[in-house]
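FYI, in this note's numbering the residues of the sequence shown are 387 to 705. As structure tokens, the structure follows; a few thoughts come after it.
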Amino acid sequence: MPTRPKKAYLWGGLAFVKNTLLALLAAVVLGLPAASGVSCARVGAPVVAEEPSADTLALVEGLGLFERGDYDLAREHLRESARSESTWIRAESFLYLNALEMELGNYDAAGLHLNRYHAETMRLMRDADERMARQTTRLKRRQEIIVVVGIVFAVLVVGGGVWLGRTRRRESLPAVSAAGTPLQVGNFAHPEPESEDWLAAAEEFKQTSLWEEIAGLAAQKPGREARVLTTARQEALDAELAERFAGFAGALRAGWPALTGGDIKLCCLSLLPLPPFGRAICFGSTETNIVKQRKHTIKKKMGADDRGRAMFDFIFAPR
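Printed below as a string of structure tokens:
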């Protein structure tokens, strides 16, 4: 046999091995139908035997005749199977026709069959790529839908929780206005005249020179360089608050004995239209954190029951 045909046969054999392995891989991953009449729907699915088609039977018969040396009859069967609608069967048929013609020395015909075989295997790979692309697109769409649904569900859950919490709080916590609405929660009652007295005391304090001094200091730009009440002026303020807010301070001590003098002082200042910076100045500081910390402490001491929450909200209502 001439040297060149042998090389052509060798390269054709290598191409066959490469393309067959790739095609088998595509068949396993994508579930493409096999040419032997047995189908695997997908990886891990049970193998289901099917009735062999006429094209499959012709291919198998042609292969058997080729192995027994009956080349003419084998060629007829293989040509019949090469007209199959199945790309797999056509590819295998052209492969064996190539081998048959090489065996007989018909190199031109063998080359044509080899080209047809390569074309069929390339078609198989293109189909596999397209199917993989479709599956990838479907998977991405499903993932996007899952993400969107998850986000919407989370927003609904969080929003619903916030709304429900606020609704329950409004239902369980009676409103107490700064204009003197009676504060009555459980068995702890502040009649309207008394709450009006507390707010009236705040209005009277706003007429004093001490208030003018505090308001002027509160109007400063917040910072460490800002001026604060001196120790002497703080003592004067404490005495003024104790006198004007005696009823309010007494009610706080009776209801919540754990409150300290500093706590009651902040409660009294909170009945006045002072920002956190202005209240801090009354404690001799420019740091508003001390006001926030003491306010948090007062809230804890008043407790989480309706009585404590109602009084706390009344004291620290915006003014």
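Glycine included, each C-beta is placed from N, C-alpha and C at the ideal position.
If you drop the 5 nearest sequence neighbours on each side, which residues of the same chain put their C-beta closer than 8 Å to that of residue i?
i	result
Gly670	Val614, Leu615, Thr616, Thr617, Gln620
Thr683	Asp649
Pro432	Confidence in Pro432 is poor, its pLDDT being 44 and thus under 50, which makes the residue's placement too unreliable to answer from.
Arg610	Thr672
Ile676	Ala666, Phe669
Thr594	Glu626
Which word fits residue i, buried or exposed, when buried means at least 16 other C-beta atoms lie within 10 angstroms of its C-beta?
i	result
Met518	exposed
Glu516	exposed
Ala690	exposed
Asn573	Residue placement at Asn573 cannot be trusted, given a pLDDT of 35 that sits under 50; what the coordinates show is reported in the next sentence. Exposed is the call here.
Lys651	buried
Trp584	buried
Ala632	exposed
Trp549	exposed
Ala468	buried
Glu506	buried
Asn484	buried
Tyr640	At residue 640 the sequence reads Ala, which differs from the Tyr that was named. Classification of Ala640: exposed, given that the 10 Å Cβ count is below 16.
Lys404	Below a pLDDT of 50, predicted positions are generally treated as unreliable, and Lys404, at 46, falls in that range; no measurement from the model is reported.
Ala635	buried
Ala776	With the chain represented from 387 up to 705, any question about residue 776 goes unanswered, as that position is not in the structure.
If you drop the 5 nearest sequence neighbours on each side, which residues of the same chain put their C-beta closer than 7 Å to that of residue i?
i	result
Phe702	Ser656, Lys681
Thr674	Pro662, Phe663, Ala666
Asp624	Lys651
Leu638	Leu645, Ile650, Cys653
Ala477	Tyr503, Glu506, Thr507, Leu510
Ile475	Ala421, Asp441, Thr442, Leu445, Ser467
How would you write the range of the alpha helix (DSSP H) that residue i sits in, first residue to last?
i	result
Val614	First-last for Val614: undefined, no H or E at that position.
Pro662	662-668
Lys678	675-688
Thr442	440-454
Phe702	Run containing Phe702: none; DSSP gives neither H nor E here.
Phe634	632-641
Leu655	647-656
Ser595	595-604
Quick one: what's got a C-beta closer than 6 Å to residue i's C-beta in the same chain, skipping five residues either side?
i	result
Leu658	Ala588
Gly694	Met688
Ala612	Gln606, Thr672
His463	Ala444, Glu447, Gly448
Leu451	Leu459, Ala460
Gln679	none
Glu530	none
Asp699	none
Inset, instruction - At 3 residues or longer, and completely inside the segment 468-532: list those beta strand (DSSP E) runs for me, N to C. - result: As far as the segment 468-532 is concerned, it has no whole beta strand (DSSP E) run of at least 3 residues.
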